[in-house]
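Below is one structure, written out as structure tokens; the observations come after it.
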Amino acid sequence: MGETVGNLIGLNDEVIHPAATLAVEAHNSPSKQFLVKKIKIRHDLSSVVVFAFSGSMLPKDWSGQPTFAKTEIATGEFRSLTSLNDGGDAVVNGSFLRRFKDVIGNLSKAKELKEATEKKRQVVFAGYSSGGPIAILATLYFLEKQTPSPRCLTFGSPLVGDRIFGHALRREGWSDYFTHFVMKYDIIPRIMLSPSSTEHEQILDYFKSKFDRKNINPAPPSGFYLTVMGNASSVASYEACRLMGCRNPSLDIIKSFIELSPYRPSGTYVFCTGNGNLVVVKNPNAVLQILIHCAELGESNTAEVEKRSLDEHSAYLSELKDCLGMQAVVSLDGGPATATLNDLGLSPQAMLCLQAAEEFENRRSRNLENFRKYLEKVEVELEKMRKYKENAQISRLGYYDSFKLQNEDDDFHANVSRLELAGIWDEIKEMLKEFELPDDFEKKREIIDLGTKYRRLVEPLDIANFYRHSKDKETGAYVIGGGPRPKRYRFIQRWLEHDEKKSFGSRSESLFWADVEQLGIDIKKKGYLQEIEERIQQVERNLIAWIGDRSLDDDVLLENSTFVKWWRDLPPQHKPKSDRIEKLIGEMSERVTQGTKI
Amino acid sequence: MDTETSLFESSEMLATFLSSTPVLQDSWRLCSLANTAATVVTDHVRGVAYVAFPGTVLPSGEANLVALDGAPDGLFPPLQHRHAQHQNEDPPMIHAAILDHFRSFYTSTTFHNQILAVIEKSKAVVMTGHSMGGAVASLSALWLLSYLQSITSPLPVLCITFGSPLLGNDSFSRAILRERWAGNFCHVVSNHDFIPRLFLAPLPSLSAHHPHFVLQFWQLLMNILQSDSERAKIFGFLLPYIQEWVANMEEECVKSPFSPFGNYLFFSEEGAVCVDDAAAAGKMLELMFTKASPGSSIEDHLKYGDYTEKASWQLLMRKSFTLGEPPESSYEAGLALAVQSCGLANQESISGPAKDCLKMAKRVNRLSPHLNAANLSIILSKNVPYRAQIEWYKASCDKSDDQMGYYDSFKLREASKKGAKINMNRYLLAGFWDNVIHMLESNQLPHDFLKREKWVNASHFYKLLVEPLDIADYYKNGMHLTHGHYLKNGREERYEIFDRWWKEREVGNEENNRRRTTYASLTQDSCFWARVEEARDWLDQIRSESDMRRSAMLWQDIDSFERYATRLVENKEVSMDVLAKNSSFTLLMEELQDFKSKTQQFPPQFPAFLNGEMVP
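See the structure below:
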């Protein structure tokens with residue numbers, strides 16, 4: 063208590079109502095793609111520039127094929143909107159995406175935007191109703207471009223993206239830039255939880271004639287509430303079961319018989335209770351539950367609730383005028399406050415859902431804490447590995463070749479370490495897939511660093527083991543599309559590439575040995591074809607670059623290593639970088655002789 | 128561990144989810160069509176096939192239990208198959224009359240064609256039925272699940288019954304659980320419906336008092352289902368029977384042999400809960416019946432349409448807590464709400480036991496499946512050294528001067544420290560994997576557990592590496608002399624389960640087509656050595672066999688073993704240790720060729736072994 067909405071969402075209160083007004087105006091001005099307005103903040107005289115987008119109530123702008131207009135988004139301008147493990151790319155509503163793409167060209171060129179950027183003014187993208195999704199996507203577009211963080215405000219916006227979408231936003235730390243205002247009964251923020259149907263069209267038609275002002279009081283449709291909210295309730299109860307740790311296999315069997323909406327809330331939600339109070343919620347699971355439960359049927363009959371669910375979509379301006387600036391704002395994160403729940407009129411069952419949502423977040427943090435001991439174990443094992451590598455270097459063979467020979471007890475112990483480490487990282491992978499770790503886990507510096515260290519040190523041993531057992535004969539080369547390379551390395555590599563904003567596959571230094579081994583095999587099989595020659599050149603270039611930036615360890619250069627022996631055997635005409643590499647080998651040899659390693 | 132998971136009671140939320148889907152209403156719609164038409168009805172809704180069985184067809188035959196494996200036509204093979212380790216349990220049994228009734232559908236020529244035609248163009252299948260039709264739907268779903276398993280089809284199957292009578296005994300219920308099919312069944316039971324409770328009274332008393340009671344009951348019921356006008360008359364006729372039945376049930380001197388299986392979705396006037404534990408479901412059937420009147424017990428059997436329709440909008444009602452403030456703890460609050468939804472909140476004498484019952488259902492496993500899988504992974508990685516030591520052992524045996532390979536080295540091991548260590552590792556790993564199987568079969572692991580390559584691969588690798596040692600140990604200790612050969616009598620169930628996991632895994636298109644150019648690191652048939660031992664036994668028998676006919680049969684067996692072994696060796700699916708100079712396989716082959724050349728009866732089929740080319 064005691065805070066205004068502005069405080070909680072990090073935006074001046076004075077901006078919100080003018081932004082809402084502009085959003086409603088823009089929505090009903092189909093002739094312009096967007097409207098712009100500069101708002102002066104009284105106390106510090108800074109300016110905020112608001113862009114608000116027009117809307118459309120045509121069914122084709124809301125739905126499409128396949129069901130729910132599901133479209134994978136992460137290409138080009140939205141490269142962050144993907145899961146860094148198995149989860150695939152984020153899914154968004156394709157019709158909304160299409161409308162965004164119609165607008166983005168002109169928006170990027172807008173002189174007001176350029177000016178705001180130059181003068182370092184805060185930019186806000188705002189949208190009412192179907193203008194909301196465009197505001198959301200535009201904000202993301204500029205966040206990806208790393209322009210000074212724009213903000214997004216929506217009012218009665220439908221849902222845009224799926225669970226991965228929200229996960230990616232939170233992972234990137236962008237979630238707080240998005241604020242969505244939702245009236246307690248407004249049907250539009252809930253509509254995407256239900257597949258498109260005649261009921262959808264009825265609702266959109268009704269608003270279309272209302273907004274077009276052709277008909278001030280169009281006859282409201284009826285009978286849609288049970289359909290739309292029934293489907294929304296399937297989504298909510300399914301998620302609630304998962305949050306509550308339901309272990310009944312029927313849950314997922316039955317899910318395969320129906321098609322649940324993929325869309326989930328993301329960002330910060332501000333629920334307008336209708337009595338002047340605002341409730342701010344950030345936990346996405348809690349938002350979903352509130353969306354459904356606060357619009358439940360109470361004492362009043364279905365027809366009344368149905369009418370309210372339409373009327374409230376047009377009530378944002380009056381509602382916000384009343385309650386902004388007042389301090390009647392409650393943040394639900396960090397425990398549901400009973401008083402608030404009274405305002406939202408939530409049932410005891412709904413309260414349990416909220417507790418489950420909160421507990422889920424707590425559990426993820428706890429899982430991370432519990433995992434620390436495994437991460438410590440990783441450090442311990444990596445240290446053993448490092449020693450193993452050092453000892454191997456003294457014998458001038460290198461740990462790669464020593465491991466491949468498996469002659470010594472040390473090699474055996476290294477193998478045990480390798481397998482134990484694999485167990486831990488596989489587990490991390492599995493937990494990420496189940497969203498059992500915090501969303502920003504894959505962005506944490508320490509995790510990326512530890513993973514990269516692990517990948518560079520241990521993956522060569524997996525490769526050694528692979529070629530020692532000639533597994534390529536059974537499964538094909540170590541590195542092929544979805545081939546035998548363990549997924550844990552793929553993911554860890556991806557974390558680093560994502561963090562450095564590099565393309566997928568550019569950080570494959572841990573695969574150096576696999577390239578060498580496979581080339582050796584392929585040369586025997588095919589001889590020096592053009593393609594092979596190019597691959598040799600690539601290996602040489604990689605070697606020089608990676609030794610240079612120390613992402614590849616120099617013991618590949620040891621005189622007796624598989625690499626040096628193989629490379630020396632190559633006919634001279636295939637070794638364009640011969641001098642350079644001989645020099646590196648020479649330097650290495652000297653270092654070992656002197657017993658010092660730089 | 129308690130704080131981790133006993134936080135929430137999800138039985139009511141699951142019921143809400145079920146009621147919110149269109150599956151229940153669509154099923155009921157088709158059931159009532161089937162009842163009116165008195166025949167099987169099929170339909171497609173949004174790509175899902177629905178098959179409804181009429182509840183109006185009269186079963187004939189006796190009201191007792193028959194064992195499934197006694198059936199001559201081999202229905203539901205996965206449920207019949209019982210491994211040696213379960214031999215002390217009762218066999219899975221089901222109600223004889225219902226089985227006969229199902230058979231009357233099953234044997235009709237149209238049944239298979241009808242079902243196969245329906246599933247061909249669907250992405251999922253729902254089998255459904257009301258009353259007796261529900262029991263038939265259950266058996267049809269079991270048949271379909273068995274069939275799909277035999278052709279490894281992933282088509283999802285769901286069985287939804289309305290007011291179905293109990294079907295089988297406890298072993299039957301457990302066999303279904305073991306196949307991981309329990310989640311495919313949802314039995315809807317309305318408040319006081321009498322039929323699902325019918326067989327809760329001990330059968331002997333039921334049939335002793337009224338031998339024709341059940342039969343008559345169905346007959347009358349059938350009339351009600353088809354016409355409402357008979358209702359009053361029939362009620363008057365049935366009520367005394369039911370009263371007596373209730374009296375019998377309360378005596379409870381003999382326990383009913385019947386047991387629920389799958390999920391039970393209980394509907395009351397207040398709401399719904401869904402329970403998947405057999406014992407809890409059985410108890411709930413009793414508890415919710417305590418308030419029933421003879422009238423409501425028949426009425427409710429006929430009111431599934433009302434219940435499902437009401438459930439679809441009741442879930443959007445804001446329900447308040449009827450008895451004061453909800454308890455502080457979220458788990459207790461969830462329990463109290465669930466009991467309220469069963470319509471039992473107002474009677475303390477029942478609400479207490481009902482809570483215990485829901486607690487019991489949850490007790491089985493407090494950790495969520497995903498966390499279990501996570502912990503298991505950690506334990507797996509701790510078990511890795513045991514496995515690595517066995518690998519190391521194999522490698523060192525394979526390299527050793529005695530050239531026996533690890534199978535024979537382990538079989539002939541003296542009391543050495545190394546051998547004892549490996550033997551201990553073998554036990555530790557067996558314990559670990561048995562626990563994994565146990566957790567899987569009792570639903571403590573995620574439903575898609577077996578879709579995780581890691582586990583299927585790890586279990587397969589374990590099997591290939593360790594089963595040869597089990598075989599070696601079996602023959603070392605002379606178990607085959609007392610118990611018979613390993614393959615039929617000594618093989619642990621876990622290996623059969625792993626065989627199935629491996630067979631059912633999703634295979635990428637890359638695999639399987641590749642021909643090996645070097646010998647495999649582990650022999651790809653983990654029972655290879657058991658087959659070698661059997662062949663060795665046959666050869667010994669031939670030497671002493673005088674009966675020509677017997678001897679010819681033995682030669683046939685040896686021949687087929689030889690073909691099998693040759694194929695494996697040629698495809699390089701054996702590991703080097705098999706071909707070691709002194710391995711029992713090499714010795715057997717040499718002896719065989721030697722024996723053949725002496726008897727001159729058969730041309731040698733294994734030239735490679737004669738000149739020793741394949742021996743490294």
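Chains A and B supply the protein sequences, listed in that same order. My numbering runs 62 ahead of the 1-based position in the first sequence. My numbering runs 127 ahead of the 1-based position in the second sequence. Ideal placement from N, C-alpha and C gives every residue a C-beta, glycine not left out.
- In this structure, B:Phe394 is the residue among B:Cys524, B:Ala262, B:Tyr602, B:Phe394 with its C-alpha nearest to the C-alpha of Ser146 of chain B.
- With 16 or more other Cβ atoms inside 10 Å of its own Cβ, Pro219 of chain B counts as buried.
- Annotated three-state conformation of Cys158 of chain B is helix, per DSSP.
- Distance from the Cα of Leu269 of chain B is smallest, within the candidate group B:Val316, B:Pro204, B:Gly290, for B:Pro204.
- Within chain A, no residue has its CB atom less than 9 Å from the CB of Thr449 of chain B, the nearest being about 10 Å off.
- Setting aside the 5 residues that flank it on each side, Phe238 of chain B is surrounded in the same chain by Phe232, each with a C-beta closer than 6 Å to its C-beta; the list follows chain order.
- Any Cβ of chain B closer than 9 Å to the Cβ of Gln580 of chain A would place that residue at the interface, and such an atom is absent.
- Taking 3 residues as the shortest admissible run, the region 302-345 of chain A contains the following complete beta strand (DSSP E) segments, listed from N- to C-terminal end: 330-334, 340-343.
- The C-beta distance from Lys495 of chain A to Gly149 of chain A rounds to 7 Å, short enough to fall under 8 Å.
- At a C-beta separation below 8 Å, Ala251 of chain B has these neighbours in chain A: Ser318, Phe319.
- Gly117 of chain A has a beta carbon lying at 9 Å or more from every beta carbon in chain B.
- Of the candidates A:Gly582, A:Glu593, A:Lys639, the residue whose Cα lies closest to the Cα of Asn604 of chain A is A:Lys639.
- Residues are counted here when their Cβ sits less than 8 Å from a Cβ of chain A; for the region 455-466 of chain B these are Ser457, Ala460, Gly461, Leu464, given in chain order.
- Membership of Ser109 of chain A in the beta strand (DSSP E) is indicated by the continuous run 109-115.
- C-alpha of Val110 of chain A to C-alpha of Ile103 of chain A: approximately 7 Å in a straight line.
- Judged by beta-carbon spacing, Phe433 of chain A lies within the 9 Å limit of Met493 of chain A, meaning their Cβ atoms are closer than that value.
- Burial check for Glu136 of chain B: the Cβ neighbour count within 10 Å reaches 16 or more, so the residue is buried.
- In this structure Tyr434 of chain B does not touch Met411 of chain B by the C-beta definition: roughly 16 Å separates them, more than the 8 Å allowed.
- Distance check between Lys181 of chain A and each of A:Arg252, A:Asp224, A:Ser108, A:Arg233 places A:Ser108 closest, using alpha-carbon atoms only.
- Between Ser191 of chain A and His89 of chain A, the C-beta spacing is below 9 Å.
- According to the DSSP assignment, His257 of chain B belongs to no alpha helix (DSSP H) but to the beta strand (DSSP E) extending over 251-257.
- Flagged as an interface residue toward chain B: Ala302 of chain A, by a C-beta distance shorter than 9 Å.
- Following the DSSP letters along the chain, one finds Ile221 of chain B inside the beta strand (DSSP E) bounded by residues 220-222.
- Annotated three-state conformation of Met245 of chain A is strand, per DSSP.
- Using a C-beta cut-off of 8 Å, the region 507-515 of chain A makes no contact with the region 573-589 of chain A, since fewer than three inter-stretch Cβ pairs fall below that distance.
- Rounded to the nearest whole angstrom, the C-alpha separation of Ser678 of chain B and Asp684 of chain B is 10 Å.
- Residue environment for Val442 of chain A: exposed (fewer than 16 other C-beta atoms within 10 angstroms of its C-beta).
- Around the beta-carbon of Phe566 of chain A, fewer than 16 other beta-carbon atoms lie within 10 Å, marking it exposed.
- For Ile315 of chain A, the chain B residues whose C-beta falls within less than 7 Å of its own C-beta are Pro283, Leu285, Gly310, Asn311, listed in chain order.
- Under a 10 Å Cβ-count criterion, Ser673 of chain B is classified as exposed, with fewer than 16 other Cβ atoms of the shown protein chains found around its own Cβ.
- Residue state for Tyr177 of chain B is assigned as strand, using DSSP reduced to three classes.
- Its chain contains His79 as the residues whose beta carbon lies nearer than 8 Å to that of Lys383 of chain A, once the 5 sequence neighbours on both sides are disregarded; these appear in chain order.
- For the set B:Val150, B:Lys578, B:Asp704, B:Thr650, the Cα lying nearest the Cα of Glu321 of chain A is the one of B:Val150.
- Within its own chain, the residues whose Cβ lies closer than 6 Å to the Cβ of Ala178 of chain A, once the five positions on either side in sequence are excluded, are Val111, Val185, listed in chain order.
- About 6 Å separates the Cβ atoms of Ile246 of chain B and Leu282 of chain B, confirming a contact at the 8 Å cut-off.
- Boundaries for Leu97 of chain A: no alpha helix (DSSP H) harbours it, while the beta strand (DSSP E) harbouring it runs 96-102, taken from the DSSP string.
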